[in-house]
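Reviewing the structure listed below.
Numbering (the numbering used here), first residue to last: 13 to 334.
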């Protein structure tokens, strides 16, 4: 029998060498967990990974028959667009359709239709312009004396020509090292960089990775600092509350009686803490378990805005393939 498998096509000799290097590197991780193996698979760029196992909620026709069988269509209690104008309105987000998975019934992905395009851009702008500044802490605060107005404001001024490299405020100065345990914990997961340098705004803004809002999070001991609470962003709180009300009573129970129905009352929900992550195209979020929340009955709301991404939904241990 002839082998009909198509060899990947490369645009250059360099790409071919990188693909060979990646293949050899993957073989060296013989003891990696099942979760880590899948992480590495989808982070590989050369050759491009096979996405046939990925569940596509935005385009159901792109799914394999096996994946389609895992997806359960559900109906939200309310349309998100009716609960908050921040979702905008278009022909897609007026309905109440959402999904869950037979093997993960507590997960309720909405798909790409939650926000109208203009509304999505407004939320993204707000996350950069309004929320990535004092008093909210960011990963940049660990190493830089970021101005109270935030790095995005400084970046915008540089783009518009309102400030130049000759201006004293153009470069954000480095922060002196602190031995305060609470301060270190606030930035505990910030990358340790021994080659830190004073950078212009257009470079520093690309290093923005996260900000914490509401109750501040201690990254070292994985707890919330209940004595440090800043105002929670009103727009983020409004859309999170709308989702909580929309998924009240929503869930799935299989023929075997196994499943999950969300019984949390949306009117009781009050957002208290959150993290806004910022990604460049090659970035990824480390796999983790959200277990620091005091109230485990309230839903954990997450939005992904902008470019498409792959979300890995794990099991009880990393030895289970996501």
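Cβ coordinates follow ideal geometry from the N, Cα and C atoms, glycine included. Owing to the predicted nature of the structure, the values given are computational and were not obtained by experimental measurement.
Looking at the unbroken beta strand (DSSP E) that takes in residue i, where does it start and where does it end?
i	result
residue 237	235–241
residue 49	Element bounds for residue 49: not the beta strand (DSSP E) but the alpha helix (DSSP H), 46–55.
residue 119	Per DSSP, residue 119 belongs to no beta strand (DSSP E) and is neither H nor E.
residue 223	222–230
residue 289	285–289
Is residue j closer than 8 Å to residue i when the C-beta atoms are compared?
i	j	result
residue 278	residue 244	no
residue 257	residue 89	yes
residue 109	residue 82	no
residue 212	residue 182	yes
residue 253	residue 148	no
residue 226	residue 284	yes
residue 231	residue 150	no
residue 299	residue 51	yes
residue 271	residue 77	no
Check each candidate in the options and name the one with the smallest Cα separation from residue i.
i	options	result
residue 250	95, 60 and 76	95
residue 185	166, 171, 172 and 174	166
residue 153	93, 219 and 170	219
residue 247	288, 275, 266 and 322	288
residue 169	217, 306 and 259	217
residue 59	233, 222, 25 and 295	25
residue 236	172, 215 and 302	302
residue 291	321, 64, 269 and 62	321
residue 408	155, 107, 172 and 215	An answer regarding residue 408 cannot be provided, because it is not within the stretch 13 to 334 covered by the chain.
residue 133	267, 315 and 157	315
How would you write the range of the alpha helix (DSSP H) that residue i sits in, first residue to last?
i	result
residue 168	163–171
residue 136	129–141
residue 250	246–258
Once the 5 residues before and after residue i are set aside, which same chain residues still bring their CB inside 7 Å of it?
i	result
residue 4	The requested residue 4 is not part of the displayed model; the chain covers only 13 to 334.
residue 310	276 and 281
Report all residues from its chain with a CB closer than 8 Å to the CB of residue i; omit the five preceding and five following residues, and keep chain order.
i	result
residue 161	145 and 146
residue 86	109, 110, 111, 112, 120, 262, 263 and 264
Give every residue of the same chain whose Cβ lies closer than 6 Å to the Cβ of residue i, excluding the five residues on either side of it in the sequence, and list them in chain order.
i	result
residue 164	140, 141 and 144
residue 326	47 and 334
residue 233	none
Roughly how many angstroms lie between the CA atoms of residue i and residue j, to the nearest whole one?
i	j	result
residue 255	residue 179	45 Å
residue 317	residue 241	25 Å
residue 128	residue 176	37 Å
residue 330	residue 48	7 Å
residue 15	residue 63	Here the model assigns residue 15 a pLDDT of 43, short of 50, so the residue's position is not dependable and the matter cannot be decided.
residue 420	residue 54	In the structure displayed, the chain extends from 13 to 334; residue 420 sits before or after that span and is not available.
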